[in-house]
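Under the working numbering, the sequence shown has 179 at position 178, and the numbering climbs by one with no breaks. Using N, Cα and C, we set each Cβ at its ideal position, and we do this for glycine too. This report refers to the structure that appears directly beneath it.
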Amino acid sequence: HKTGKSDNHLEKLRIGRDNLIIEKKYQAKNKDASVDLYDASQPLVTVSDRIVPLEFQVYKETISRLYDKGTEQTVNKVASSLNFLNKGLTDGSTESRFTALWSSLESLTSGVSQDKLGHDEHVLYAVLPCIGLDYTVKQLFALRGVAKELNWDAINFGQETVNFQNDNMATIYKALKDQNVQTEISRRLESYPYAKYRFLNFIDICNDPEKLGNKLQSHMQKVERQLHRMYRTRNAIVHNALIHDRLDLLVVNLEHYLRGALNAMVYEMKDVHSITSPEEAFSRIKYRAEQIISELDPFYQIVSKKQISDIRDKLSSGKIKRADSRLEEWLALHS
């Protein structure tokens with residue numbers, strides 16, 4: 002049964018990711034206090050794993066619908082990708098995990114573009130828009146994680162209240178624009194200087210569409226360079242049996258990019274139930290990402306000097322304005 006097959010793949014995806022296993026524990030002491038230190042002697046894991054029960058249910062329903070409505074070719078393609086992902090998440094040699102994760106990503110994103118692209122090019126074509134959309138979602142999930150860990154109470158601002166532990170991503174994003182909320186977050190993170198620095202920097206970016214647009218683009222450019230590096234590493238392993246010095250870090254990055262692509266695909270399918278293939282989902286994601294970034298940065302993908310001049314004049318006169326309404330629509334899909 003198609004649905005049963007998808008359930009099996011997704012359950013493997015989730016198993017073992019909710020709980021941490023402490024391999025070694027140490028205690029550092031001085032005359033006044035002691036601090037527990039933990040040694041992660043197992044391979045690094047990506048901290049962006051968001052497949053918790055609520056998210057898992059979205060995955061399950063969406064992939065099951067795809068298995069029911071999709072063609073046999075589509076079902077086999079998604080099943081193959083999830084199978085390689087499961088192999089990449091299991092214990093084994095770092096080289097095996099890396100090649101399995103790349104195969105999963107390549108399988109999932111194949112055929113998105115109608116152009117004749119190379120293996121790495123069609124991965125870039127499909128993945129980069131997903132990573133662009135995932136940046137803000139990822140940061141908001143991280144902020145929610147901190148709120149849960151520190152058990153934050155709801156924050157009142159004006160006539161509204163925001164609960165960072167369980168409110169919708171769009172609700173949290175909008176609340177970050179309120180000065181009272183910013184001040185309260187800064188106060189609550191006073192004992193955590195690194196978290197305070199990172200989140201206040203993120204909040205500053207969220208309050209300026211130009212900064213946010215530039216951040217998404219720079220992030221996508223950085224990921225593009227990393228994906229090229231990964232493809233060269235994959236070829237070196239497969240064809241020449243060469244070993245990369247820090248392959249464990251590339252495995253973590255690759256898993257993150259694969260999960261980012263899966264997350265974007267699943268939430269696009271959640272929003273548009275008529276989608277019956279990954280190709281259609283990634284094509285829509287690419288269009289959505291271009292619309293979001295273009296609203297944040299009207300100069301995005303503009304190369305004509307005349308067009309650049311016209312846009313600059315319209316921004317100066319107020320005929321067009323940078324905005325983030327389309328980004329808020331995307332964030333509203335994430336509970």
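The way I'd put it, the region 100–119 does touch the region 233–246; three or more beta-carbon pairs between them come closer than 8 Å.
Exclusion of the five residues before and after Asp179 leaves Phe158 as the residues of its chain whose Cβ lies within less than 6 Å of its Cβ. Under the DSSP definition of a beta bridge, Phe158 partners with Glu161. The beta carbon of Arg189 sits closer than 8 Å to the beta carbons of Leu151 and Trp153 from its chain, once the five residues preceding and following it are set aside; these are given in chain order. Under the three-state reduction of DSSP output, Gln115 falls in the coil class, being neither helix nor strand. Spanning the alpha carbons of Asn84 and Ala242 requires a straight line of approximately 23 Å.
Across the set Ser108, Ile173 and Gly71, the C-alpha of Ile173 shows the shortest separation from the C-alpha of Ser336. Within a 10 Å sphere around the beta-carbon of Thr72 sit fewer than 16 other beta-carbons, which makes this residue exposed.
Three or more beta-carbon pairs drawn from the region 211–227 and the region 289–309 are found closer than 8 Å, and the two stretches are therefore classed as touching.
Here Glu161 is exposed: its Cβ has fewer than 16 other Cβ atoms, across all protein chains shown, within 10 Å. Rounded to the nearest whole angstrom, the CA to CA distance from Leu334 to Asp168 is 12 Å. In its chain, beyond the 5 residues on either side, Ser105, Ser108 and Leu109 have a beta carbon closer than 7 Å to the beta carbon of Ser82. The count of Cβ pairs closer than 8 Å, one atom from the region 251–267 and one from the region 125–139, reaches three, so the stretches are in contact.
When the five nearest sequence neighbours on each side are left out, the beta carbons in the same chain lying within less than 6 Å of the beta carbon of Ala262 are those of Val128 and Cys131, in order along the chain. Contact annotation, Tyr126 with Ser114: C-beta distance approximately 5 Å; criterion of less than 8 Å satisfied. A direct Cα-Cα distance of roughly 11 Å separates Lys197 from Glu185. Check the Cα spacing between His274 and each of His240, Ser305, Ser65 and Asp209: the tightest is with Ser65.
The region 64–121 is shown to contain whole alpha helix (DSSP H) runs of 4 or more residues at 73–90 and 95–110, in chain order. Taking C-beta atoms as the reference points, Val163 and Val147 fail to come closer than 9 Å.
A contact is defined here as three or more CB-CB pairs under 8 Å, and the region 276–292 fails this definition with respect to the region 317–325. Boundaries for Val304: no alpha helix (DSSP H) harbours it, and the DSSP string shows neither H nor E there.
In the three-state reduction of the DSSP assignment, Val253 falls in the helix class. Taken in chain order, the whole alpha helix (DSSP H) runs of length 4 or more contained in the region 174–226 are 180–189 and 194–207. Here Leu334 carries a coil assignment [DSSP, helix/strand/coil]. The alpha-carbon separation between Asp325 and His120 amounts to approximately 33 Å.
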